[in-house]
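S.K.: This is the structure, below, for whatever I ask next.
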Amino acid sequence: MDDLFVDKMVSGGQQLGITFSDRQIEQFFQYYQLLIEWNRVMNLTAITEMEDVVTKHFIDSLSLVHGINMDDHLNRYMIDVGSGAGFPGIPLKICFSSLRVTLLDSLNKRIQFLQTVIHDLELDDIAAIHGRSEDFGRNIQYREKYDYCVSRAVANMSTLSEYCIPFVKCGGYFIAYKSGNIDEELKQSEHAIDLLGGKIDRIIKFQLSNTDLSRSMVMIKKTKHTLNKYPRKAGVPSKSPLL
15 MDDLFVDKMV
25 SGGQQLGITF
35 SDRQIEQFFQ
45 YYQLLIEWNR
55 VMNLTAITEM
65 EDVVTKHFID
75 SLSLVHGINM
85 DDHLNRYMID
95 VGSGAGFPGI
105 PLKICFSSLR
115 VTLLDSLNKR
125 IQFLQTVIHD
135 LELDDIAAIH
145 GRSEDFGRNI
155 QYREKYDYCV
165 SRAVANMSTL
175 SEYCIPFVKC
185 GGYFIAYKSG
195 NIDEELKQSE
205 HAIDLLGGKI
215 DRIIKFQLSN
225 TDLSRSMVMI
235 KKTKHTLNKY
245 PRKAGVPSKS
255 PLL
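Residue numbers (the working numbering): 15 to 257.
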């Protein structure tokens with residue numbers, strides 16, 4: 015295993031108050047190797063330099079600890095909507111093994127990659143499913159079943175909230191990973207979040223470990239059941255965000 019990789023992981027973890035086991039470091043390195051290998055034949059990520067993958071994918075994914083004390087949340091259910099190459103769901107599962115994780119993505123090729131990662135890293139209580147959030151959000155097997163919904167997907171907060179809040183049980187949280195200045199975007203999404211049964215609990219702003227990159231974690235608490243008419247049918251939330 016590459017010594018620089020280990021040093022970057024250990025340093026990044028320390029910035030978050032996380033100490034990785036040797037096995038976890040091995041799993042992250044295996045994940046990195048699979049990501050680079052598969053990325054040669056399909057578009058998983060534009061970030062491929064080892065140090066950048068560690069910082070901008072792995073450590074960024076684990077930044078959830080800024081908002082939630084994961085040590086106090088054993089055996090909780092989490093769904094990662096628009097998981098893509100598995101961020102943030104797989105790093106969170108590697109680090110907090112008691113989480114029961116669902117990875118949802120609309121592209122079947124990415125699901126094949128995620129299933130390979132799950133198999134090769136020998137991860138338990140985690141599944142990768144193919145489909146659109148608008149469809150699964152109306153499915154009683156998934157609707158309002160999760161303690162946490164996380165997403166690093168690129169979409170405005172109104173659209174992202176309609177994708178994600180229906181999955182969250184009352185009292186749970188939708189956590190959106192955001193970069194840059196999000197104040198205006200959040201202001202425009204407040205009514206949509208309320209319509210969907212959520213309330214902005216707090217916004218945590220921080221710099222990504224060992225970089226000058228600004229990040230925001232939007233913590234939205236589910237305070238009431240989502241009305242049956244949401245989410246709207248596939249494609250509508252992105253074309254006509256709730257106002």
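Glycine included, C-beta positions come from ideal geometry on N, C-alpha and C.
When the Cα atoms are used, what is the spatial distance from Phe-101 to Asn-89?
M.R.: By one-based count along the sequence shown, residue 101 stands at place 87. By one-based count along the sequence shown, residue 89 stands at place 75. In a straight line, the C-alpha of Phe-101 is about 20 Å away from that of Asn-89.
S.K.: Report the residue ranges of all beta strand (DSSP E) runs contained in full by the segment 153-220; include only those spanning at least 3 residues, in chain order.
M.R.: Runs found: 160-165, 182-193.
S.K.: Less than 8 Å between the beta carbons of Ser-97 and Asn-224, yes or no?
M.R.: Against the sequence shown, residue 97 aligns to sequence position 83. Against the sequence shown, residue 224 aligns to sequence position 210. No, they are not a contact pair.
S.K.: For a test of the three-state rule: what should DSSP assign to His-239, helix, strand or coil?
M.R.: Here residue 239 corresponds to residue number 225 of the sequence shown, with the count starting at 1. Coil, per DSSP.
S.K.: Report, in whole angstroms, the separation of the C-beta atoms of Tyr-91 and Tyr-160, which I expect to be a contact under 8 Å.
M.R.: For the purposes of this step, residue 91 is identified with residue 77 of the sequence shown, where counting begins at 1. For the purposes of this step, residue 160 is identified with residue 146 of the sequence shown, where counting begins at 1. Correct: roughly 5 Å between the Cβ atoms.
S.K.: By the 10 Å Cβ neighbour count, where 16 or more other Cβ atoms means buried, how is Leu-200 classified, buried or exposed?
M.R.: Your numbering for residue 200 matches position 186 in the sequence shown. Buried, by the Cβ-count rule.
S.K.: Please work out which residues of its chain come closer than 6 Å, Cβ to Cβ, to Met-84, disregarding the five sequence neighbours upstream and downstream, and give them in chain order.
M.R.: In the sequence shown, the residue the question calls residue 84 occupies position 70. Excluding positions up to five away in sequence, the list reads Phe-110.
S.K.: Can you tell me where the alpha helix (DSSP H) with Leu-49 in it begins and where it stops?
M.R.: In the sequence shown, residue 49 corresponds to position 35, counting from 1. Note, Leu-49: alpha helix (DSSP H), 36-53.
S.K.: What are the partner residues of Leu-257, as DSSP defines its beta bridges?
M.R.: By 1-based counting over the sequence shown, the position of residue 257 is 243. Answer is none; Leu-257 lacks a bridge partner.
S.K.: Report back the beta-carbon spacing between Leu-76 and Pro-105 to the nearest angstrom; my notes put them in contact at under 8 Å.
M.R.: Numbered from its first residue, the sequence shown carries residue 76 at position 62. Numbered from its first residue, the sequence shown carries residue 105 at position 91. With a Cβ gap of about 5 Å, Leu-76 and Pro-105 count as contacting.
S.K.: Flag Leu-174 as yes if its beta-carbon sits less than 8 Å from any beta-carbon of chain C, otherwise no.
M.R.: The structure shown has no chain C; it contains just one protein chain.
S.K.: Going by CA-CA distance only, name the one from Ile-108, Gln-28, Pro-251, Phe-181 that's closest to Ala-206.
M.R.: For this step, residue 206 is matched to residue 192 along the sequence shown. The candidate whose alpha carbon is nearest that of Ala-206 is Pro-251.
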